[in-house]
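Trainee: Before we start, here is the structure in question, set down as C-alpha coordinates.
In my numbering, the protein residues as written are 1196 to 1275.
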(Lines of atoms letter the chains of each structure in order from A and count residues from 1; the text may use other names and numbers.)
(Lines give C-alpha, C1' and ligand atoms only; values in the text may rest on other atoms or scores of the structure.)
Protein backbone atom coordinates (compact mmCIF):
# COMPACT_ATOMS: atom_id res chain seq x y z
CA UNK A 1 0.00 0.00 0.00
CA UNK A 2 0.81 3.69 -0.16
CA UNK A 3 2.06 3.45 -3.75
CA UNK A 4 2.91 6.60 -5.67
CA UNK A 5 0.97 7.18 -8.90
CA UNK A 6 4.20 6.55 -10.88
CA UNK A 7 4.34 2.93 -9.65
CA UNK A 8 3.75 0.24 -12.27
CA UNK A 9 3.65 -3.56 -12.37
CA UNK A 10 7.05 -3.60 -14.12
CA UNK A 11 8.65 -1.39 -11.46
CA UNK A 12 7.20 -3.43 -8.59
CA UNK A 13 8.41 -6.63 -10.23
CA UNK A 14 11.95 -5.25 -10.48
CA UNK A 15 11.83 -3.97 -6.91
CA UNK A 16 10.60 -7.21 -5.35
CA UNK A 17 12.82 -9.50 -7.46
CA UNK A 18 15.60 -8.20 -5.22
CA UNK A 19 14.21 -10.19 -2.29
CA UNK A 20 12.74 -13.28 -3.92
CA UNK A 21 11.24 -14.95 -7.00
CA UNK A 22 8.13 -13.03 -8.06
CA UNK A 23 5.30 -15.00 -9.69
CA UNK A 24 2.73 -12.26 -10.29
CA UNK A 25 2.26 -8.51 -9.77
CA UNK A 26 -1.05 -6.66 -10.09
CA UNK A 27 -2.01 -3.05 -9.40
CA UNK A 28 -5.82 -2.60 -9.52
CA UNK A 29 -6.89 0.42 -11.58
CA UNK A 30 -10.07 2.49 -11.73
CA UNK A 31 -12.18 1.27 -14.67
CA UNK A 32 -12.87 4.76 -15.97
CA UNK A 33 -9.75 6.83 -15.28
CA UNK A 34 -7.25 3.91 -15.35
CA UNK A 35 -5.47 5.48 -12.36
CA UNK A 36 -4.35 2.95 -9.75
CA UNK A 37 -5.75 3.20 -6.26
CA UNK A 38 -2.48 3.29 -4.30
CA UNK A 39 -2.04 -0.40 -3.61
CA UNK A 40 -1.00 -3.58 -5.39
CA UNK A 41 -0.43 -7.30 -5.00
CA UNK A 42 2.85 -9.18 -5.33
CA UNK A 43 2.81 -12.97 -5.34
CA UNK A 44 5.99 -14.90 -4.52
CA UNK A 45 6.86 -18.54 -5.19
CA UNK A 46 6.70 -19.47 -1.53
CA UNK A 47 5.22 -18.17 1.70
CA UNK A 48 8.75 -17.90 3.13
CA UNK A 49 9.75 -15.56 0.28
CA UNK A 50 6.68 -13.41 0.94
CA UNK A 51 7.39 -13.21 4.67
CA UNK A 52 11.02 -12.27 3.97
CA UNK A 53 9.90 -9.54 1.56
CA UNK A 54 7.56 -8.10 4.18
CA UNK A 55 10.35 -8.01 6.77
CA UNK A 56 12.92 -6.46 4.42
CA UNK A 57 10.83 -4.11 2.26
CA UNK A 58 8.12 -2.80 4.61
CA UNK A 59 8.57 0.94 5.02
CA UNK A 60 11.19 1.47 2.31
CA UNK A 61 10.71 4.64 0.30
CA UNK A 62 9.50 4.17 -3.27
CA UNK A 63 9.24 7.48 -5.13
CA UNK A 64 9.67 9.18 -1.76
CA UNK A 65 6.73 7.44 -0.07
CA UNK A 66 7.17 4.62 2.47
CA UNK A 67 5.41 1.53 1.13
CA UNK A 68 3.30 -0.64 3.42
CA UNK A 69 3.45 -4.41 3.11
CA UNK A 70 1.38 -7.14 4.66
CA UNK A 71 -0.09 -10.49 3.76
CA UNK A 72 -3.33 -10.44 1.84
CA UNK A 73 -6.49 -10.89 3.89
CA UNK A 74 -7.15 -14.12 1.94
CA UNK A 75 -3.85 -15.55 3.25
CA UNK A 76 -4.74 -14.48 6.80
CA UNK A 77 -8.08 -16.31 6.58
CA UNK A 78 -6.42 -19.54 5.49
CA UNK A 79 -4.17 -19.40 8.56
CA UNK A 80 -7.12 -19.14 10.98
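All C-beta atoms, glycine included, are put in the ideal place defined by N, C-alpha and C.
On the three-state DSSP scale, how would you describe residue 1258?
Mentor: The count along the chain shown starts at 1 and reaches residue 1258 at position 63. Coil, per DSSP.
Trainee: Return helix, strand or coil for residue 1247, following the three-state DSSP convention.
Mentor: By 1-based counting over the chain shown, the position of residue 1247 is 52. Helix, per DSSP.
Trainee: In the DSSP assignment, find the unbroken alpha helix (DSSP H) run with residue 1204 in it and report its ends.
Mentor: Working through the chain shown from its first residue, we reach residue 1204 at position 9. Per DSSP, residue 1204 belongs to the alpha helix (DSSP H) from 1204 to 1211.
Trainee: Select from 1254, 1255, 1257 and 1236 the residue whose C-alpha is nearest the C-alpha of residue 1268.
Mentor: Position 73 of the chain shown, counted from the start, is the residue given in the question as residue 1268. Minimum Cα distance to residue 1268 is reached at 1236.
Trainee: Please state the DSSP three-state secondary structure of residue 1200.
Mentor: Your numbering for residue 1200 matches position 5 in the chain shown. Note: residue 1200 maps to coil in three-state DSSP.
Trainee: Could you check if residue 1220 is buried or exposed, using at least 16 other CB atoms within 10 Å of its CB as the buried criterion?
Mentor: As a position in the chain shown, residue 1220 is number 25, starting the count at 1. Result: buried.
Trainee: Going by DSSP, which residues form a beta bridge with residue 1224?
Mentor: Within the chain shown, the letter at position 29 stands for residue 1224. According to DSSP, which records beta bridges pairwise, residue 1224 is partnered with 1231.
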